[in-house]
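Asks: I'd like to ask some things about the structure below.
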Amino acid sequence: MQLILNEEEQMVRESAQSFLADNAGPSLLREIRDSNNSLGYSEKLWQQMIELGWPSLLIPEQFDGLGFSHVAMGQIMEQAGCHLANSPMFATAVLGVSILSKEGNEQQKSQWLPKIAMGNLTLALALDETARPDPLNIATSVTKSTDGFILNGNKSMVIDGQIADQLIVVARSSGKPGDRQGISLFVVPRKTAGVEITSTLIMDSRITANISFSGVALREDQLIGTIDQGMDPLTSALNVANIHLSAELLGIANECLHRTVGYLKDRKQFGVNIGSFQALQHRAASLWSDIELCKSTVMAALRSLDESAADASLIASIAKVKACKVAQLATNESIQMHGGIGMTDEFDIGFFIKRARIAQMLFGDHRYHLNRYAELSGY
Amino acid sequence: MQLILNEEEQMVRESAQSFLADNAGPSLLREIRDSNNSLGYSEKLWQQMIELGWPSLLIPEQFDGLGFSHVAMGQIMEQAGCHLANSPMFATAVLGVSILSKEGNEQQKSQWLPKIAMGNLTLALALDETARPDPLNIATSVTKSTDGFILNGNKSMVIDGQIADQLIVVARSSGKPGDRQGISLFVVPRKTAGVEITSTLIMDSRITANISFSGVALREDQLIGTIDQGMDPLTSALNVANIHLSAELLGIANECLHRTVGYLKDRKQFGVNIGSFQALQHRAASLWSDIELCKSTVMAALRSLDESAADASLIASIAKVKACKVAQLATNESIQMHGGIGMTDEFDIGFFIKRARIAQMLFGDHRYHLNRYAELSGY
Amino acid sequence: MSDLTTFREDTRQWLEEHCPASMRTYMPESEKCWGGRDYKFSSDDQKLWLMRMADRGWTAPTFPKEYGGGGLSKDEAKVLKEELSAITARAPLASMGTEMIGPAILEFGTEALKQQHLPAIIRGEIRWCQGYSEPNAGSDLAGLQANAEDMGDHFIVNGQKVWTSYADKSDWMFCLVKTDNSVKHGGISLVLFDMKSPGVTARPIKLISGRSPFCETFLDNVRVDKDQVVGEINNGWTIAKYLLTHEREMLGRIGNVPAEKTLSERATASIGLKDGRLADSALRLELAEWEIDFQSHQLTIERVRDETAAASVGNSSAMLKLYGTQLNQRRRELLIASEGFDAMTWKEDSEARLWLRSKGNTIEGGTSEVQLNIISRRILGLG
Amino acid sequence: MSDLTTFREDTRQWLEEHCPASMRTYMPESEKCWGGRDYKFSSDDQKLWLMRMADRGWTAPTFPKEYGGGGLSKDEAKVLKEELSAITARAPLASMGTEMIGPAILEFGTEALKQQHLPAIIRGEIRWCQGYSEPNAGSDLAGLQANAEDMGDHFIVNGQKVWTSYADKSDWMFCLVKTDNSVKHGGISLVLFDMKSPGVTARPIKLISGRSPFCETFLDNVRVDKDQVVGEINNGWTIAKYLLTHEREMLGRIGNVPAEKTLSERATASIGLKDGRLADSALRLELAEWEIDFQSHQLTIERVRDETAAASVGNSSAMLKLYGTQLNQRRRELLIASEGFDAMTWKEDSEARLWLRSKGNTIEGGTSEVQLNIISRRILGLG
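Protein chains in written order, with numbering that gives the first Met the number 0: chain B, 0 to 378; chain H, 0 to 378; chain X, 0 to 382; chain Z, 0 to 382.
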């Protein structure tokens, strides 16, 4: 396995880096927040991303996509972390595309993927029903009807659910909450009778949706994959999601280190730069080392997605554990080393700790994945 | 609850401190080790302890003891940790006396306690059967015979088993390994037909015993307490043991800090005392703070034994978790901060890490007690 | 002992009769009683409870009776504390006066200052704030620059203070100023002035939690009479250190207030048990470790007090502050981990805000790094 | 790529034919092949395996063929490594020669030195040790004092080295000496000499583990010919730093050898499962965390190599050493925790000894503190 970027990936990384440095960053996020923007992201930034072809990155060429690697997309996610660039990218072009291009039938792929590639369609995964993620804990139900299915239930914390054109809904077609068997996936247009969407502002200034489905009628062709067999494709999609979230967390951690080292060189107390204090030096050095390890796991995890590695679940949990822990350390250390100023809303570092914590929690925090790793390893 | 020593306790502490500083210490332990002493301790030191009345400290006055507090005895244990003073004190005068004076009948008490007080009798608790402590995991069996019981089974890691005059044997009189019910305690003289004792040298230069019981005939009056009801008194005794081991670990941790701070002031590199490096200062300060917390839990735990607190199990686990973790940190940090010299057998610090680890493992390490604390707390 | 027993019984009975039922319940942060000129009591009971306790001087139990204090011995005060906590009585007053400047005036102030300030502090009539840190004097507090020009019978103070807790809601400030610029560190005095004095402006600072418990305070030609200097002029650093010790001790108890539910109760309610164990096995162990450390810290506060004859706990306060603030951060981490996304919505009463706020605990009142410096230098003799 | 594929196939086939079956098994520490003049092979297969690999130069795969090396490219060497590990082949040679002084001679030595030393290193005929640390020059290595007096065509060396790994079993030493005493740091040269030279005495140091992998080495009027200086006289510090980087990289891989069982397999065997989970819930999570960190570290070694064109990994070696040695300590902690008292008996092969030995990992080859200094200065630019 090559743990370095190839030329194409390097190009994507550099382009994301310079584009987001110029067009995103904490100041844009602050502006979005303070203007009570109801999207939770900048429509202009999203349009620019579309122009750059980012939503099409993971879409195969035959569906008008670029067919780039997960490693390439991971570079964008990492830079989105560095520059706190909110957008529908993750929910649509990473998570949604992964499900559709892997599980969708030819008809579904040709219907949706080209639209996504053009930036004309956004998706959201309606999965969680409880405050703590657990993909087995699905009570939302689908029952057979004469010409399709009826969907009932409630979803919370749906990322981009407030704007997505189509919802990918995880529902239980048989069995009871906790069962692996009996999960099915459906595409449901937001504008369907019986679908009710309310927005919730969360800590990192994004907006998520609570969605209720009351007797929503679905056609057969809205089913993605096989009835009752949705858990495996869902697991694959969550592995993809967690690995890309790890890339985002890596970006956040790295940016926090970078800003903190800059501050250590700048801030004077007792007549010297506080970066001359060995206790802070050692902590910064230790953080840098942790980030180096995180870089390697994220790179290997992204590469393993491209190589369709058999142990993707294990690798995803390794990457998420490492990225969550490193991001937690980096954000905490960056506030502590900035001192009082880091606690103020006027200063930027607070945006990073907020965003990091949401990304940590999404689809399972380090505790969840540590346990999952041990379980998958048979102990 | 008073978390300071009363006059009597202060006197015991000071006397233990000065006596052990003069008569024990790493050099004595080294001598014992290098002379292949088959006791694992200095007989002379033990005789001096007897003269000081230490074995009689916890024995009630009506049985010729001093009737001092656990807090007082804890001061001796702590100093024994500081000065690495091996002796039969712990197994006989702490663990053995606790069982006998709480669970023994009048006849048993008058038979054994005065002898212990005089230094004429040593005890050992034959409990563990597996490499990882678990008091419920008892397979050693007693079965009813015409005029008493028959004992069969194997015990390992019996502290002072190689020298004890009488063994307190934990055996199963009914039920199966893992059951709380069906545990019984017996006093068995070492010189009993069917008792075979072999010695094992362990890392801290002490000697423990593996003991096998083959068809050992026991009389009714060798039973301590009630048949099948031994688990509660055993639990009490292990609480006492773990709290006193915590005191010993506190002594070790404190001595390691003391020696390390001394070395930091002494050792020069780069033309300055290494104690002038802030990274080491902060680690030493952090260790000192942890030790301060440990002091408080040990003091409170000892006091709660004297006050027969209802939640002794919870308190014992708190003390043991804290003491194990602090001792582990202190011993590791002391070797690291001493650098290469700390790794040599010629230097003393290695004796502390070895002793600490055995005391940590005895009757459950921090992981065991952390789990036990959560269990006892109902989560 | 017998005296103490009598005192305990009397106290218990008095509390039974005088502590209103509504004041024996869990106190949300928003119902803390701060007192002061403009304070709006949240209930009649809150006011009654303050008045009754203040009448006995039990808002400042160990302060001398002559200034309105309780005049209790250290042991009696401990008994009072135990009896209050036995009925989960709310603290009648949260006050920088009784906790911080009051003890300093008692120790270092003139008789006139004592008579002027202590009774009002004890009765919760005047709310105080602390003017210490400056933008360029954080960890290096002694490097402060707020300048007090000597005008004979008074000083004219100019400068800027930062991180002044609730300056916008306080009546008076105790403030460190530079009265001798000829020395780099030193030449510092502790002065008291009314926040209504001309030239005082307090501007709230918004924190990452979205709240503003701190202010920037601008001092623009503020007149301070010389009789409002605590201790000697130019010798304020001694008193500052004394106050910092008090502050550390106070911050060591941060978050340590009676709560509706314990941490493990809240975690169990959110996460649920599986086979009798908290379903999140990693969080379960972290929780147990926190509870053990928390109890160890509580016991250490007690032990240090038992060991110390003086009112202040001295250098140990650095350790208590270091550990107590970390514990509060860990508490907040465990709470948001327990509650998951419920804690992440940006509502007014979101756990997220308390979690974010707690990140400052290891910075305010002297960073953890400063505490470690104090311990390694003053206690271990390193450096 | 096609060339590499061919190389892989050829290599696989050659290994299949030439690696003895007994050399494809887990290697206990005691069967490591050190080579050297007096080495006693533990089996004929061990000797055969060394000879066969040495004949191809694959004991030093990237060394030039002219000196007996394998002459492989970096990519080919990676393939060889993968193929060796695919059949769990034992390392044919453990050598300070191929790992440390060999690369230094290649980079800095004269042609004569290369011809004299490299073939013997590659064939495992000469075992080397490293004379760096001194009693008063540990972390402050550049403060060393061993003195080399210039006698025209040779030096006379006097001094004491410490922590010399296996000096008592080695044939030659590469040694840092002071050739110019007029400067405090600097004036250092790297010299080579035979351990049989008159005046060299090696005395094993007993460690807390009861074993003696290190020696004190006394140098008493030891003659060293000037043609045995590597690089320029007085410029040895440059080469020393190069070698330290190599050493760090090597130590970063400490404990990372094929084992009979993985850590979690050993823990499961000792502790057992309960409801499918390791019965010790705290140890279970520590184990998972270790395995995750271990894999992250392995991937980092790989990534750093992929990123670095040069043979050496440069400053990143400090991070690899820092983390790798901590991981080995954690491994040993987890092993004794898993095995409990079985690990505590003081037998010759006790886990206790390996655990105690591992405490030195974060000290030898530059303490963790030195590594953190290197990272903060050279990489982060702090200080």
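Where a beta carbon is used, it is the ideal one built from N, C-alpha and C, also for glycine.
Count the other CB atoms within 10 Å of the CB of Z:P197; is the residue buried (16 or more) or exposed (fewer)?
Replies: It is exposed - the Cβ of Z:P197 has fewer than 16 other Cβ atoms within 10 Å.
Asks: When every heavy atom of the ligand SAH is checked, does at least one fall within less than 8 Å of the C-beta of X:G142?
Replies: The ligand SAH is absent from the structure shown, which contains no ligand whatsoever.
Asks: Taking a cut of 9 Å between CB atoms, which residues from the segment 265–282 of chain X lie near chain Z?
Replies: Listed in sequence order: D274, R276, S280, A281.
Asks: Kindly give me the distance between the Cβ atoms of X:K358 and B:M342, rounded to whole angstroms, as I take these residues to be in contact under 8 Å.
Replies: The pair is a contact, with the Cβ atoms about 6 Å apart (cut-off 8 Å).
Asks: For the segment 313–340 of chain H, list every residue whose C-beta sits within 8 Å of some C-beta in chain Z, in sequence order.
Replies: For the segment 313–340 of chain H, which is checked against every Cβ of chain Z, the residues closer than 8 Å are N331, I334, Q335, G338, G339.
Asks: For my contact list, H:I357 and H:D203 are in at a C-beta cut-off of 8 Å; report their separation, rounded to the angstrom.
Replies: About 5 Å; that satisfies the 8 Å criterion.
Asks: Using the Cβ count rule (16 or more neighbours within 10 Å means buried), how would you classify H:Y262?
Replies: With 16 or more Cβ atoms within 10 Å of its Cβ, H:Y262 is classed as buried.
Asks: In whole angstroms, what separates the C-alpha of Z:W33 from that of Z:C174?
Replies: For Z:W33 and Z:C174, the distance between alpha carbons rounds to 20 Å.
Asks: Among all the DSSP beta bridges, which residues are the ones paired with X:D193?
Replies: According to DSSP, X:D193 bridges with X:W171.
Asks: Please tell me whether H:S86 and H:W45 are closer than 9 Å, where the distance is taken between their beta carbons.
Replies: Yes, the pair counts as a contact, with Cβ atoms nearer than the cut-off.
Asks: What would DSSP say about X:E215, mapped onto helix, strand or coil?
Replies: X:E215 falls in the strand class under three-state DSSP.
Asks: To the nearest angstrom, how far is it from the Cα of X:I204 to the Cα of X:G365?
Replies: Answer to the nearest angstrom: the Cα atoms are 19 Å apart.
Asks: Suppose you measure from the CA of Z:K39 to the CA of Z:Q45; what does that come to, to the nearest Å?
Replies: Spanning the two alpha carbons is a distance of roughly 10 Å.
Asks: Pull up the DSSP beta-bridge partners for X:D224, would you.
Replies: Its beta-bridge partners are X:H153.
Asks: Please identify, using Cβ separations under 9 Å, the residues of the segment 346–372 of chain X that lie next to chain Z, in order along the chain.
Replies: Taking 9 Å as the Cβ-Cβ cut-off against chain Z, none of the residues of the segment 346–372 of chain X qualify.
Asks: Determine the contact status of Z:Y241 and Z:F62, defining contact as a CB-CB distance below 9 Å.
Replies: Against a cut-off of 9 Å, the Cβ pair of Z:F62 and Z:Y241 comes out as no contact.
Asks: With respect to the alpha helix (DSSP H) encompassing X:M249, which residues constitute its N-terminal and C-terminal limits?
Replies: Here the alpha helix (DSSP H) through X:M249 covers 235–251.
Asks: Closer than 9 Å, CB to CB, is B:K114 near chain Z or not?
Replies: False, the Cβ-Cβ gap to chain Z never drops below 9 Å.
Asks: Suppose you measure from the CA of Z:C214 to the CA of Z:V256; what does that come to, to the nearest Å?
Replies: Whole-angstrom Cα-Cα distance: 25 Å.
Asks: List, in order along the chain, the chain Z residues whose C-beta lies closer than 9 Å to that of X:L326?
Replies: Within 9 Å Cβ-Cβ: nothing; X:L326 doesn't reach chain Z, min ~20 Å.
Asks: So with Cβ pairs under 9 Å, would you call Z:G380 a contact of chain B?
Replies: Closer than 9 Å: yes.
Asks: At 4 residues or longer, what runs of the alpha helix (DSSP H) sit wholly inside the segment 71–103 of chain X?
Replies: For the segment 71–103 of chain X, whole alpha helix (DSSP H) runs of length 4 or above, ordered along the chain, are 73–85.
Asks: Chain H partners of X:S295, CB-CB under 8 Å?
Replies: Simply L292, C293, S295, T296, I317, K321.
Asks: In chain H, which residues lie with their C-beta within 8 Å of the C-beta of B:A278?
Replies: Those within 8 Å of B:A278 in chain H are Q277, A278, Q280, H281.
Asks: Could you check what DSSP says for H:V187 in three-state terms: helix, strand or coil?
Replies: Correct three-state label for H:V187: strand.
Asks: For H:Q228, does the three-state DSSP call read helix, strand or coil?
Replies: Strand, per DSSP.
Asks: Check each candidate in X:N233, X:A119, X:G123, X:A147 and name the one with the smallest Cα separation from X:W48.
Replies: Of X:N233, X:A119, X:G123, X:A147, the residue nearest in Cα terms is X:G123.
Asks: Assign H:T225 to one of two classes, buried (16 or more other C-beta atoms within 10 Å of its C-beta) or exposed (fewer than that).
Replies: It is exposed - the Cβ of H:T225 has fewer than 16 other Cβ atoms within 10 Å.
Asks: Going by the CB atoms, is the gap between H:L249 and H:K294 shorter than 9 Å?
Replies: Closer than 9 Å, so yes.
Asks: Output, in chain order, the set of chain H residues within a Cβ distance shorter than 9 Å of X:R302.
Replies: Within 9 Å Cβ-Cβ: L2, I3, E291, K294, S295, M298, A299.
Asks: According to DSSP, simplified to helix, strand and coil, what is B:F306?
Replies: This sequence places Glu at residue 306 of chain B; Phe is not what is there. Note: B:E306 maps to coil in three-state DSSP.
Asks: State the Cα-Cα distance for the pair B:Q78 and B:H365, rounded to the nearest angstrom.
Replies: Taking the straight line from one Cα to the other gives about 22 Å.
Asks: Please return the same chain residues whose Cβ sits closer than 8 Å to the Cβ of X:N233, not counting the five positions on each side in sequence.
Replies: So the qualifying residues of the chain are T178, D179, G185, G186, I187, S188.
Asks: Quick one, which of Z:E363, Z:E350, Z:T4 has its alpha-carbon nearest Z:G130's?
Replies: Ranking the options by Cα distance to Z:G130, first place goes to Z:E363.
Asks: What does DSSP give as the partner residue(s) for X:G158 in the beta ladder?
Replies: X:L218, per the DSSP bridge assignment.
Asks: Rounded to a whole number of angstroms, what is the C-alpha to C-alpha distance between X:A53 and X:W171?
Replies: X:A53 and X:W171: Cα-Cα distance of roughly 20 Å.
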